[in-house]
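Residue numbers (the working numbering): 72 to 301.
Just so you know, even glycine gets a beta-carbon here, dropped at the ideal spot from N, CA and C.
Computed from a prediction, not measured in an experiment: that's the story for all the values here.
In what follows, a single structure is set out as structure tokens and then discussed.
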């Protein structure tokens, strides 16, 4: 499976992560700080980094992610951030640093493994990377999407345009009010061409940084919809 570097200053968290990931067939290397993590990254090839957001010693998970993104050989290495809260400012800070996804503490084993499987499988099939020039120019466009399914992991949407795999998408929809949670960004996992003639695409994305307390209203919403459909 995947070779995963886990970074946390708490030994109990490292042991929990290693036990969960090893049980799913992954190989795991531990680091207790960002400096050791960078050393491991220069010595060994990894498929994923899972790092705590806050660590002592002046170098946290955000700084580690920025360091990774500055290395040409590591720029596309997926990073999952462990955090105890999902404030909008923290999520934005992580996304700006280059984080691919969040895991909210306390760790939900099923959610963790599902996200790891998704990220590892998606990034393993990204295809050839072409050369590109870095720019910093703001641009916006409005796209009409329809949410056709919702699960604990994310949304399935129908769209008139395709979305790139790995894209972080911020959705504005009344569905969040219906569920009773704040808007959650999603990371695009798959994009299927449903109808080439009419430009119809089926897109699936998983939630980025959804908290355990938000899973309860989400589960209730899903069950209510299932009951009405049966």
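7 Å Cβ cutoff met for residue i and residue j
i           : j           : result
residue 75  : residue 112 : no
residue 226 : residue 257 : yes
Continuous beta strand (DSSP E) stretch holding residue i: start and end
i           : result
residue 98  : 98-102
residue 218 : 216-221
residue 263 : 257-266
residue 170 : First-last for residue 170: undefined, no H or E at that position.
Cβ neighbour criterion (16 or more within 10 Å) applied to residue i
i           : result
residue 265 : exposed
residue 187 : buried
residue 104 : buried
residue 79  : buried
residue 276 : buried
Residues near residue i in its chain [Cβ-Cβ closer than 8 Å; skip 5 each side]
i           : result
residue 87  : 178
residue 91  : 178, 180, 183, 184
residue 166 : 239, 256, 279
residue 222 : 293
Straight-line Cα distance separating residue j from residue i
i           : j           : result
residue 151 : residue 171 : 6 Å
residue 232 : residue 137 : 31 Å
residue 261 : residue 214 : 17 Å
residue 229 : residue 127 : 44 Å
residue 154 : residue 270 : 39 Å
Boundaries (first-last residue) of the alpha helix (DSSP H) holding residue i
i           : result
residue 246 : 246-250
Close-in-space but distant-in-sequence residues of the same chain around residue i (CB under 6 Å, 5 per side omitted)
i           : result
residue 301 : none
residue 125 : 131
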